[in-house]
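In order, the protein sequence lines correspond to chains X, W, E and V.
Residue 275 in numbering that gives the first Met the number 0 sits at position 276 of the first sequence, and the numbers go up by one each step.
Residue 260 in numbering that gives the first Met the number 0 sits at position 261 of the second sequence, and the numbers go up by one each step.
Residue 36 in numbering that gives the first Met the number 0 sits at position 37 of the third sequence, and the numbers go up by one each step.
Residue 267 in numbering that gives the first Met the number 0 sits at position 268 of the fourth sequence, and the numbers go up by one each step.
Number of protein chains: 4
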Amino acid sequence: MQINKHSIQEYNQGQLQEHSRRYDFAASSVKDVEGVLQKLMDFQVAIPSWALGTGGTRFGRFPGGGEPRSLEEKIEDVGLLHRLNGASGAISLHIPWDIPTNASHIKALAAQHGLRFDAMNSNTFQDQPGQGLSYKFGSMQHVDKAVRRQAVEHNIEVIEHGVALGSDSLTVWLSDGSSFPGQLNFRKAFENTLESLQEVYAALPENWKMFVEYKAFEPNFYSMTVGDWGQSLLYANKLGPKAYTLVDLGHHLPNANIEQIVSLLLMEGKLGGFHFNDSKYGDDDLTVGSIKPYQLFLIFSELLEGMDARGMNHATDLGWMIDASHNVKDPLEDLLQSVEAIMIAYAQALLVDRKALAAAQQENDVARCQEVLQEAYRTDVRPLVAEARLRAGAALRPLQFFRELKVRENLIKERGRKTVATGL
Amino acid sequence: MQINKHSIQEYNQGQLQEHSRRYDFAASSVKDVEGVLQKLMDFQVAIPSWALGTGGTRFGRFPGGGEPRSLEEKIEDVGLLHRLNGASGAISLHIPWDIPTNASHIKALAAQHGLRFDAMNSNTFQDQPGQGLSYKFGSMQHVDKAVRRQAVEHNIEVIEHGVALGSDSLTVWLSDGSSFPGQLNFRKAFENTLESLQEVYAALPENWKMFVEYKAFEPNFYSMTVGDWGQSLLYANKLGPKAYTLVDLGHHLPNANIEQIVSLLLMEGKLGGFHFNDSKYGDDDLTVGSIKPYQLFLIFSELLEGMDARGMNHATDLGWMIDASHNVKDPLEDLLQSVEAIMIAYAQALLVDRKALAAAQQENDVARCQEVLQEAYRTDVRPLVAEARLRAGAALRPLQFFRELKVRENLIKERGRKTVATGL
Amino acid sequence: MQINKHSIQEYNQGQLQEHSRRYDFAASSVKDVEGVLQKLMDFQVAIPSWALGTGGTRFGRFPGGGEPRSLEEKIEDVGLLHRLNGASGAISLHIPWDIPTNASHIKALAAQHGLRFDAMNSNTFQDQPGQGLSYKFGSMQHVDKAVRRQAVEHNIEVIEHGVALGSDSLTVWLSDGSSFPGQLNFRKAFENTLESLQEVYAALPENWKMFVEYKAFEPNFYSMTVGDWGQSLLYANKLGPKAYTLVDLGHHLPNANIEQIVSLLLMEGKLGGFHFNDSKYGDDDLTVGSIKPYQLFLIFSELLEGMDARGMNHATDLGWMIDASHNVKDPLEDLLQSVEAIMIAYAQALLVDRKALAAAQQENDVARCQEVLQEAYRTDVRPLVAEARLRAGAALRPLQFFRELKVRENLIKERGRKTVATGL
Amino acid sequence: MQINKHSIQEYNQGQLQEHSRRYDFAASSVKDVEGVLQKLMDFQVAIPSWALGTGGTRFGRFPGGGEPRSLEEKIEDVGLLHRLNGASGAISLHIPWDIPTNASHIKALAAQHGLRFDAMNSNTFQDQPGQGLSYKFGSMQHVDKAVRRQAVEHNIEVIEHGVALGSDSLTVWLSDGSSFPGQLNFRKAFENTLESLQEVYAALPENWKMFVEYKAFEPNFYSMTVGDWGQSLLYANKLGPKAYTLVDLGHHLPNANIEQIVSLLLMEGKLGGFHFNDSKYGDDDLTVGSIKPYQLFLIFSELLEGMDARGMNHATDLGWMIDASHNVKDPLEDLLQSVEAIMIAYAQALLVDRKALAAAQQENDVARCQEVLQEAYRTDVRPLVAEARLRAGAALRPLQFFRELKVRENLIKERGRKTVATGL
């Protein structure tokens, strides 16, 4: 299903009067509103190919309908999102779920939808049919060099697919670890993993980055071999300048201060990418901003502070991706809500009066520090985000328009009710 | 595969001298050693039918070989465990994974292995092929009365299967809940669930119990409709005298004091059953005693204190079951380790000098209270547990004998390498 | 220090134009704006007398200056807050920190400031100079009946002070529990505590309520004898119709779903009161809304849903109190921020489109449920809250006016730099 | 109060027969029992001077009697512990709580008791009377260079005291951090702290080590400026070869895998010291081994594996100290229980069959890995620990003898009932 520009314009036209009223009010309190809008328009969040189908847990999965049956249909879905919100202009592929049989065709298709290829994702946490050796006891950490070699080769293959598509980064998430005390020699597991990563690193093209993602637990329940930011940073530093840490919001122990981690990784020049989602208990992979929107704002506030301090470009110098699982919502609706929450948090962070904050910090005026942050957070920035969409030719209210267009019903008609997209 | 008594006796013979040396030493410090041994011999832990295959996570599953392909083979596996350790004399079935086509045949088969049928388990957390209505948004809590009715009828059917097999209890674990704020009206979800449970309760045979299991999170990640012991107790009290709370060790928020919960539920006369496993992060479903063996001991200590205070029979007045997932170990080995850990904790709890503890508590002599508990916990009770096995005709060292017999290799020969048992 | 009405009006005058612009915009989207404003004006949050001084941790305390030196000065401080924000019209006293030597004088003084006396608080978690028996090993749970008796008598004395002042409720927070396994017999501790509470309950005047507050941990680090809502509800049910559970936001295990607890307690007719604060790790006692403002909104949303379902009056049928510790902020500024955060969350909860939410819930339209909640939460309601203040004769921007008036500087001049208020 | 050697010998004589019976049994299964005993005799745990009095929480403190009133009496108390258990041969001082007025006298006194001076501890988490600038908003992180300078000078002064006493290490625990979002610029706080630490580092004598201790939360409740091992390692690496990370068991987020942290820090050559205690919720500072004894064993298992791999001396190459708070027990009894728990865990770790473990790890035989660890853990090693004490001239059962001697009663007679030792 395609949405043409004209229908969006028509839709926006009907919303315009109310939008203008709201936007005028919102804009009246923003200093450099044009600058803010431009930043909002530039900011793009990658959609992972595996987020387009209904996710599940180990207990079960309740598929919806009209899920994409091929890489082409996944690109179509992301294109549709991007058309609606103007902020989803990239897709992140997973190998082997998304092996492109004809890379140039796929690349051209993506370009038609205004999409680029974000970080490539490898998979050594599952065994694939026909795979020579099993990852049951890990991949890059494995005591058997042959298994490690297989994992390395898989990652190199993923890089090759990425090169063909025009991607320029590889995200390595390892489920390696142990479920029982004694199962692993932690040091040797680290050393094996480092050696494996070094072999992959050696195969990176000149302009590529490698993101080393960490996770505190699951699917291993005693230790993870890349378990926290400290471990990820150790690997990244030992690997070299192309290696970075990737932060996934759901991959921490309870109560972790993620915004401080972000700040320190930026200080070290080693923050590379970001996976957005939300959670209450563990890696719950819920819609971004659905549980802790203030934390999301605080993280964005640190991201901007740290990036600005290093002269980094918000839109291009970090990899931004959603990584969630849509168990009880329509995946496309969920993604629209997630991107909206990200844009809101980003807009709020842009509104923080940095000078006033720095001054209050300098005076240990803690109450004032809080006031400055909350002044930005409590502002209703939705009209600003909507205006950025309007200017980008996207829909003023993407989710509402999605429903008016009966997109899901159309997709089910096209693709059937019982399709199941590849993914978890 | 069957293990005959004679081969066990032969095996034990070879171990006997060393065992006697250890047992004599251990027994010399125990007051009523015969009483302790009898209690250890009486204590039986049910094995759930779904624990006989390799489990997995949402990220993947790495099957082993020789898994049971039918209910008959599951009974055979539990029979084998029971033959080895003399403490696994019950099996807990799950409907629809274990629908017996011929109940009397199955009952007779179990009896041959010395097994009885423990609590029956229903499943409304997954959709089955051909099922009329979906449980995607809950079962007994569902806003649609027809879905609730379907869930109730399923549970009544499970009771009927249980009656045919000679079981006398039903465990209801509901995954009902919500993954997002606003999704549920908590009160109505509670009321719907209560109404559904009441309908199932009305169908319980005279001598049956109903266990209402609670869980803090997963697969729902915002709220669970039977989420903690407080909620479970509310349901149980409103349902009536046949309804009890069931405690699963992995179903709590971080740092919960489970032993206190156990004590209070016994005080209220509402503790009905227990699911053993171990965990570090969430419902990790690891081998019992592999992460927090001291907590297990403390729980047993409260169980005995509370049961003794009410004159309850340790072996028969609560439902004891293992509920774990064997992702990286041979399931049968894992179960042997779990039962061993349970027996050790039970034996240690039996050794607690209750009089001395009560006296120290009465004097607020906290250091002494700790000494009394640790005196029991630090004692090496393995020879006592082994002696109980010896007297019951089971193997002195079950896991070692399991390996000597090459049980798994034999099962693979019999059943094949690629079998996958029903379960998660 | 006193602030007269006239100076507030003058201050508001200078803010009025900008306020009107913002208020008009905000009001334009609210259906029953007058009804909302009236509710905001009616809503009053009690200030605890111990929150007027600088708090600390076991590691240290860094006092500010100008802290109240007497009960009279505490009342003066709360009066000042109430004058500024029109929403702090009650004070909650703690015995023995606030024993009134002349109750009728104190009562009259409070009335002058427009304050009533909220719940009285007893203290059996510390030993006072000259106290006969020690609470080192608990108070109402104590193995020694004489200690329990002393605790009961203290509570009865607190009730008597309260009667003299016109209060009508008693909050019992017990630090009772244990720091080591074995220290307590959980059941006997519960029974002793129940017996003690029953004796206090028997002394309650006809129109009084008793609030049984629970806490998961601290100052006891193994078990708490009123440790969670389930335990508190057990006590409250056994005590009788005047006994209720009191929820303090910081008294839960990590990740607890407090909004669900609130909903279920309302369902049971047993929610009595609320202590506001915020926290990231434990009972951190931070400014309300400073860490998890969305959770605060969700809690308010459940409070309103549940109270409305029972026909309860928002303002009067539950006890609302702040309970925080001001370690690094001016206590009065902190309290102004806290009340503001509460009013914002309340206002947002009032804006929730209940009909739309109920309809979306009925259709399992999870994305829509979220939209309905977030529509209210993302609205900038500060102008509504300010308008309610304006109409109540309070300051449009209380914190800003507090600073302009140099209140703290004046208090230091009056009271000195080295005063230390009673409290933790 | 002093205990003479002769009375210990007499006491041991009465215990000897039963001890020998137990020891012979225990020794019979240990390969190199003499080697194990020697290691147990060599292992010494430092006692912090502030642990000799009753601790408390922010809610209150319930002092016992006979607490040491001076540094001399603290040394006497540690001497007494060391005399009883032969494993407490060091004391760790805190400045300004323990400023020695006459260092050579203090040094001689300690030597008389067989004690050496372990790591010196500085204090910038409290304001001292007469202190020029306040640490309310941090010390080494402070925005004001003058405050940082004061903190640096204090630490240098602590080093000087340590040099005079023969200590050779400095532990820096900073409570620096923030309690509210926005309060700190995380990066600048890190940079200020690093700069301050560098100035202290520059003042370290040639043979000294600096331990940078981390803590997740408390007394700051939003962020800590040395908050986890990753941050501590960053500082230590930037400081230089004399700087190390120090691990305190209670300073982690819930569910952290401390044993893995220990292993990785040893791999990096940056583990410097260890603070023992136990906890269920936060920095509860309970008796070592009272809550999670298996975790303690697993940590020791990693310590030995990692130290052996680097050829480190167990007894001397890491700093071992208890850091607990004795709120409801006699502090000396608590310390005796803590040291006993440490020695038991150390002995169990020494019994781990390293070769078998490595072989099982190499084969991914997870069940066997667990068996190897549990074989050691389930062994009753108390007779080995007692034998080591016997050979060192200490008491076979220190706590029992402590009570028989009525040590506390004697200390109260000597020092009075109302003494309060310096500390928290």
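All residues carry an ideal CB built from backbone N, CA and C; glycine is no exception.
| task | On a CA-only basis, which of E:Leu302, E:Leu270, E:Ile298 is nearest aspartate 277 of chain E? Give me that one, please. | result | Along the third sequence, one-based indexing puts residue 277 of chain E at 278. Comparing Cα positions, the closest option is E:Ile298.
| task | Quick one: residues in its chain with C-beta nearer than 6 Å to the C-beta of alanine 420 of chain W, no 5 flanking neighbours on either side, listed in chain order? | result | Indexing the second sequence from 1 puts residue 420 of chain W at position 421. Result list for alanine 420 of chain W: Leu51, Gly52, Glu66, Pro67, in chain order.
| query | Are the CB atoms of glutamate 212 of chain X and aspartate 247 of chain X nearer to each other than 8 Å? | reply | Locating residue 212 of chain X in the first sequence gives position 213, counting from the first residue. Locating residue 247 of chain X in the first sequence gives position 248, counting from the first residue. A distance below 8 Å separates the beta carbons of glutamate 212 of chain X and aspartate 247 of chain X.
| task | Would you mind giving the Cβ-Cβ distance between serine 177 of chain V and serine 222 of chain V, rounded to the nearest angstrom? I have them listed as a contact below 8 Å. | result | Taking the fourth sequence and counting its residues from 1, one reaches residue 177 of chain V at position 178. Taking the fourth sequence and counting its residues from 1, one reaches residue 222 of chain V at position 223. That pair is a contact at about 5 Å.
| Same chain, Cβ closer than 7 Å to glycine 422 of chain X, neighbours up to 5 away in sequence not counted | Against the first sequence, residue 422 of chain X aligns to sequence position 423. These residues qualify, in order along the chain: Trp49, Gly52, Gly54, Trp96.
| Under 9 Å from the C-beta of phenylalanine 24 of chain E: neighbouring residues of chain X | Here residue 24 of chain E corresponds to residue number 25 of the third sequence, with the count starting at 1. Neighbours of phenylalanine 24 of chain E in chain X, taken as residues at a C-beta separation under 9 Å, are given in chain order as Arg20, Arg21, Phe24.
| request: Could you list which residues in chain V have their beta carbon closer than 7 Å to that of alanine 327 of chain W, in chain order? | output: Residue 327 of chain W sits at position 328 when you count from the first residue of the second sequence. The sequence shown places valine at residue 327 of chain W, not alanine. Contact annotation for valine 327 of chain W against chain V: Val365 [CB-CB distance below 7 Å, chain order].
| query | Going straight from the alpha carbon of glycine 13 of chain E to that of alanine 393 of chain E, what length do you get? | reply | Counted from its first residue, the third sequence places residue 13 of chain E at position 14. Counted from its first residue, the third sequence places residue 393 of chain E at position 394. If I take the Cα positions, the gap works out to 14 Å.
| Quick one: is lysine 405 of chain E buried, meaning 16 or more other Cβ sit within 10 Å of its Cβ, or exposed? | In the third sequence, the residue the question calls residue 405 of chain E occupies position 406. So lysine 405 of chain E counts as exposed.
| message | If we define contact as Cβ-Cβ less than 8 Å, is glutamate 185 of chain E a contact residue for chain W? | response | One-based indexing of the third sequence puts residue 185 of chain E at position 186. Residue 185 of chain E is actually phenylalanine in this sequence, not glutamate. So, interface residue.
| query | glycine 137 of chain X and cysteine 368 of chain V look like a contact to me (Cβ under 8 Å); what is the Cβ gap, rounded to whole Å? | reply | Indexing the first sequence from 1 puts residue 137 of chain X at position 138. Indexing the fourth sequence from 1 puts residue 368 of chain V at position 369. Rounded, the Cβ-Cβ distance is 14 Å, inconsistent with contact.
| request: Counting only the same chain and skipping the five closest in sequence on each side, list residues whose C-beta sits under 6 Å from that of isoleucine 155 of chain E. | output: The count along the third sequence starts at 1 and reaches residue 155 of chain E at position 156. For isoleucine 155 of chain E, where only same-chain residues beyond five positions count, the Cβ hits under 6 Å are Ala202.
| field | Per DSSP, cross-strand counterpart(s) of aspartate 277 of chain V | value | The sequence position of residue 277 of chain V within the fourth sequence is 278, counting from 1. Answer is V:Leu285, bridged to aspartate 277 of chain V.
| Does lysine 135 of chain E come within less than 8 Å of chain V when only Cβ atoms are used? | As a first step, residue 135 of chain E is located in the third sequence; it is residue number 136 there, counting from the start. Yes, lysine 135 of chain E counts as interfacial toward chain V.
| Who are the neighbours of serine 333 of chain X on chain E, taking C-beta pairs under 8 Å? | Translated into the one-based positions of the first sequence, residue 333 of chain X becomes position 334. Sequence check: residue 333 of chain X is aspartate here, not serine. Those are Ala366, listed as they occur along chain E.
| request: Out of E:Ala215, E:Gly226, E:Thr170, state which residue places its alpha-carbon closest to the alpha-carbon of tyrosine 200 of chain E. | output: Along the third sequence, read from residue 1 onward, the residue named residue 200 of chain E stands at position 201. Taking each of E:Ala215, E:Gly226, E:Thr170 in turn and checking the Cα distance to tyrosine 200 of chain E, the smallest one comes out for E:Thr170.
| Residue from E:Asn120, E:Leu285, E:Phe124, E:Ile290 with nearest C-alpha to lysine 208 of chain E | In the third sequence, counting from the first residue as 1, residue 208 of chain E sits at position 209. Looking at the Cα atoms, E:Asn120 is the closest of the given residues.
| request: Please report how far the alpha carbon of threonine 56 of chain V lies from the alpha carbon of histidine 153 of chain E, in whole angstroms. | output: In the fourth sequence, the residue the question calls residue 56 of chain V occupies position 57. In the third sequence, the residue the question calls residue 153 of chain E occupies position 154. Approximately 22 Å between the Cα atoms of the pair.
| query | Along chain V, which residues have their Cβ under 9 Å away from the Cβ of proline 218 of chain X? | reply | Here residue 218 of chain X refers to the residue found at position 219 when the first sequence is read from its first residue. The contacting residues do not exist; proline 218 of chain X stays about 14 Å from chain V at best.
| task | At 3 residues or longer, and completely inside the region 12-80 of chain W: list those beta strand (DSSP E) runs for me, N to C. | result | Within the region 12-80 of chain W, the complete beta strand (DSSP E) runs of at least 3 residues are 45-47.
| task | Would you mind giving the Cβ-Cβ distance between leucine 265 of chain V and glycine 305 of chain V, rounded to the nearest angstrom? I have them listed as a contact below 8 Å. | result | Within the fourth sequence, the letter at position 266 stands for residue 265 of chain V. Within the fourth sequence, the letter at position 306 stands for residue 305 of chain V. About 3 Å; that satisfies the 8 Å criterion.
| request: Taking leucine 245 of chain E as part of the alpha helix (DSSP H), name the residues at either end of that continuous run. | output: What you label residue 245 of chain E is simply residue 246 of the third sequence in a count that begins at 1. Not the alpha helix (DSSP H): leucine 245 of chain E falls in the beta strand (DSSP E), residues 242-247.
| Residue span of the alpha helix (DSSP H) that contains glycine 318 of chain W, given as start and end | Position 319 of the second sequence, counting from 1, holds the residue named residue 318 of chain W. Per DSSP, glycine 318 of chain W lies in no alpha helix (DSSP H) segment; the continuous beta strand (DSSP E) that holds it begins and ends at 318-321.
| request: Would you be able to state if there are at least three C-beta pairs under 8 Å between the region 91-109 of chain X and the region 345-357 of chain X? | output: With the cut-off at 8 Å, the region 345-357 of chain X and the region 91-109 of chain X do not touch.
| task | Thinking tyrosine 280 of chain E and tyrosine 376 of chain E are a contact (beta carbons under 8 Å), I'd like their distance in whole angstroms, please. | result | The residue given as residue 280 of chain E occupies position 281 in the third sequence. The residue given as residue 376 of chain E occupies position 377 in the third sequence. Their Cβ separation, rounded to whole angstroms, is 24 Å, which puts tyrosine 280 of chain E and tyrosine 376 of chain E out of contact at 8 Å.
| request: In the DSSP assignment, find the beta strand (DSSP E) that holds valine 225 of chain E and state where it starts and stops. | output: For the purposes of this step, residue 225 of chain E is identified with residue 226 of the third sequence, where counting begins at 1. It is not in any beta strand (DSSP E) - valine 225 of chain E carries neither H nor E in the DSSP assignment.
| field | Stretch-stretch touch, CB-based, cutoff 8 Å, three pairs: the region 411-420 of chain V with the region 25-38 of chain V | value | Between the region 411-420 of chain V and the region 25-38 of chain V, the count of C-beta pairs closer than 8 Å stays below three; the two stretches do not touch.
| query | Can you tell me the Cα-Cα spacing of aspartate 167 of chain E and alanine 118 of chain E, whole angstroms? | reply | As a working note, residue 167 of chain E is residue 168 in the third sequence. As a working note, residue 118 of chain E is residue 119 in the third sequence. When the Cα atoms are used, aspartate 167 of chain E and alanine 118 of chain E turn out to be separated by approximately 7 Å.
| message | One question on the structure: do glycine 63 of chain E and aspartate 329 of chain E come within less than 8 Å of each other, judged by their Cβ atoms? | response | Position 64 of the third sequence, counting from 1, holds the residue named residue 63 of chain E. Position 330 of the third sequence, counting from 1, holds the residue named residue 329 of chain E. With contacts defined by Cβ atoms closer than 8 Å, glycine 63 of chain E and aspartate 329 of chain E form a contacting pair.
| query | Buried or exposed: which applies to alanine 215 of chain X, given that a residue is buried once 16 or more other Cβ atoms fall within 10 Å of its Cβ? | reply | Reading the first sequence from its first residue, position 216 is the one you call residue 215 of chain X. Buried, because 16 or more other Cβ atoms sit within 10 Å of the Cβ of alanine 215 of chain X.
| said: On the criterion of 16 or more Cβ atoms from any shown chain inside 10 Å, does serine 19 of chain X qualify as buried, or is it exposed? | reply: As a first step, residue 19 of chain X is located in the first sequence; it is residue number 20 there, counting from the start. So serine 19 of chain X counts as exposed.
| task | For lysine 291 of chain V, I'd like the list of residues in its chain whose CB is within less than 7 Å of its CB, leaving aside the five on either flank, ordered along the chain. | result | As a first step, residue 291 of chain V is located in the fourth sequence; it is residue number 292 there, counting from the start. The residues are Asp277.
| message | For a minimum of 4 consecutive residues, which ranges assigned as the alpha helix (DSSP H) are wholly contained in the region 288-353 of chain V? | response | DSSP runs (the alpha helix (DSSP H)) wholly in the region 288-353 of chain V: 292-308, 330-350.
| Is any heavy atom of the ligand FAD found at a distance shorter than 7 Å from the C-beta of isoleucine 411 of chain V? | The ligand FAD is absent from the structure shown, which contains no ligand whatsoever.
| task | In angstroms with no decimal places, state the Cα-to-Cα distance between proline 397 of chain W and proline 47 of chain W. | result | For the purposes of this step, residue 397 of chain W is identified with residue 398 of the second sequence, where counting begins at 1. For the purposes of this step, residue 47 of chain W is identified with residue 48 of the second sequence, where counting begins at 1. Rounded to whole angstroms, the separation of the alpha carbons of proline 47 of chain W and proline 397 of chain W is 19 Å.
| Whose Cβ in chain E lies nearer than 7 Å to the Cβ of methionine 266 of chain W? | In the second sequence, counting from the first residue as 1, residue 266 of chain W sits at position 267. Against chain E, the beta carbon of methionine 266 of chain W has neighbours under 7 Å at Arg186, Phe189, listed in chain order.
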